[in-house]
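Sequential numbering from 1 applies to the sequence shown in UniProt numbering.
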Amino acid sequence: LLTANPDKLIILKVFAPWCKACKGLAPKFQALTRDEKYKNLPMVWASLNIQNNKDFVKSIGVLALPTVQLYAGNGSKVDTFPCGPSKVPILKRKL
1 LLTANPDKLI ILKVFAPWCK ACKGLAPKFQ ALTRDEKYKN LPMVWASLNI
51 QNNKDFVKSI GVLALPTVQL YAGNGSKVDT FPCGPSKVPI LKRKL
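Next up, the structure:
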């Protein structure tokens, strides 16, 4: 994903299907992906289920769920933070 989009901001949501906060974040995150404000900006929205990716999730430093990580197009992590439904305004400011 990172190497295929070298000129874009990658917004990665890490979640688990059993996580209550993740379920609360899901519709808000989905709404952001469709928001006209971000439509023409160089961004890629992605979601990663930890179920089959536990080692990878650990390797990228995820300590809580849900977590949102922002990556610059060159593959470097710009930010990482726990992002439950109430933290969506913080995510918007970071974008």
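Beta carbons: idealized from backbone N, C-alpha and C, even for Gly.
Remember, it's a predicted structure, so these values are computed and weren't measured experimentally.
Item: For S47, write down the residues that DSSP places opposite it in a beta bridge.; Value: K13
Item: Along the chain, which unbroken stretches of the alpha helix (DSSP H) at least 4 residues long are found entirely within the UniProt domain "Thioredoxin" (1-95)?; Value: 20-34, 36-39, 54-59 and 88-94
Item: Quick check: the Cα distance between R34 and K92, rounded to an integer number of angstroms?; Value: 13 Å
Item: Where does K13 land, buried or exposed, given buried means 16+ other C-beta within 10 angstroms?; Value: buried
Item: Roughly how many angstroms lie between the CA atoms of A16 and T80, to the nearest whole one?; Value: 17 Å
Item: Alpha carbon to alpha carbon, what distance is there between A21 and L65?; Value: 7 Å
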